[in-house]
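Take 375 as the starting number for the sequence shown in our numbering and just add one per residue.
Idealized CB from N, CA, C, for every residue including glycine.
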Amino acid sequence: MVGFEEKPDHPKSTPHNPNLALASMGIYIFSTEVLVRQLSEDAKRDTAHDFGQNIIPSMVDSGRVFAYNFKHGNRNSTVYWRDIGLLDAYWEANMDLVSETPEFDLHDPNWPIRTHAHPYPPSRLHIRPQNSSLLVVAQGCVIANARVECSVISAGVHIDSGAQITDSVLMEGVKVGANAQLHRVIADEGVVIPSGIQIGINREDDRRRFTVTDGGVIAISKGLPIE
């Protein structure tokens, strides 16, 4: 690398293609010694102490930094990457997983995803028959006679009878009470949703109780009292 700019208004093009600019995906690999030294030196300077603004540019100026093209060796098409720094973008990326033909396919044998395997038992699912959309359900979940559509259900989630969940992302260990209704919700780890509550149905009510994004996604943080 010969230069690095953090989110420039007018990115510099590559030497051989004036219509192409390389963008950082925010994935970095360091040797421990180099990273510790750079962080220690930056801590002494009057900077924003930001990786993109300060750390990486300083390393490019003073050391050897290499960039690699992100590509899938078994595909000719553009590979999948999303910036999920905003809640709306994070929600949209999760919804990509439950599309009919997901661009990012977790079951693609040519592009395996390495992750931690939770010591949970298999999931037990009793989903209402009118549910016709796709789901992603991790291990250790219990869904008891509930309607769950177009949602990502993380490990150890329990959903009680009569609950209705659509277009939502439930983190690990979330509990959803009987007859609760969730629509376009992101629920943090361990959140407990009371029985019979409605979230994502009444926008004014949601804004009074929760964080609601510009795109209408409701974020429920860990430890937040829900009434």
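Under a Cβ-count criterion, where at least 16 other Cβ atoms within 10 Å of its own Cβ denotes burial, should residue i be classed as buried or exposed?
i: Val410; result: exposed
i: Asn484; result: exposed
i: Ser542; result: buried
i: Ile594; result: buried
i: Asn393; result: exposed
i: Ala561; result: buried
i: Ser528; result: buried
i: Leu508; result: exposed
i: His490; result: exposed
i: Asn423; result: For the record, residue 423 in the displayed sequence is His; it is not Asn. By the 10 Å Cβ count, His423 comes out exposed.
i: Ser569; result: exposed
Check for me: the beta strand (DSSP E) holding residue i runs from which residue to which?
i: Asn519; result: Val516 to Glu523
i: Gln538; result: Gln538 to Thr540
i: Leu509; result: Leu509 to Val511
i: Ala561; result: Val559 to Ala561
i: Ala593; result: Ile592 to Ile594
Pick from the options: whose alpha carbon is nearest that of residue i?
i: Ala520; options: Gly590, Arg498 and Arg582; result: Arg498
i: Val586; options: Val566, Arg558 and Gly564; result: Arg558
i: Asp588; options: Lys418, Val408, Lys596 and Arg577; result: Arg577
i: Pro496; options: Cys515, His481 and Phe478; result: Cys515
i: Thr388; options: Lys381, Val376 and Arg419; result: Val376
i: Phe378; options: Leu413, Arg502, Val510 and Asn428; result: Asn428
i: His481; options: Gly459, Val510, Trp455 and Ile458; result: Val510
i: Asn553; options: Ile487, Val522 and Ser405; result: Val522
i: Gly437; options: His384, Ser405, Ile592 and Asn391; result: Ser405
i: Asp534; options: Gln513, Cys524, Leu460 and Arg502; result: Arg502
Does DSSP put residue i in a helix, in a strand, or in coil?
i: Asn600; result: Here the sequence assigns Ile to residue 600, which means Asn is not the residue at that position. The answer is coil: DSSP assigns Ile600 none of H, G, I, E or B.
i: Asn553; result: coil
i: Ala422; result: coil
i: Val410; result: helix
Can you name the start and end residues of the alpha helix (DSSP H) that residue i belongs to?
i: Leu499; result: Per DSSP, Leu499 belongs to no alpha helix (DSSP H); it is in the beta strand (DSSP E), Arg498 to Ile501.
i: Ile614; result: The shown model of the chain, from 375 to 601, leaves out residue 614, and the question about it has no answer.
i: Ala463; result: Leu461 to Asp470
i: Arg456; result: Segment: none, Arg456 is in no alpha helix (DSSP H) and carries neither H nor E.
For residue i, is the beta carbon positioned less than 7 Å from some heavy atom of the ligand ADP?
i: Glu546; result: This structure simply doesn't include the ligand ADP, nor any ligand for that matter.
Answer yes if the segment 432 to 447 comes into contact with the segment 458 to 466, meaning at least three C-beta pairs across the two stretches below 8 Å, and no otherwise. Between the segment 458 to 466 and the segment 432 to 447 there are fewer than three inter-stretch CB-CB distances shorter than 8 Å, so the stretches are not counted as touching.
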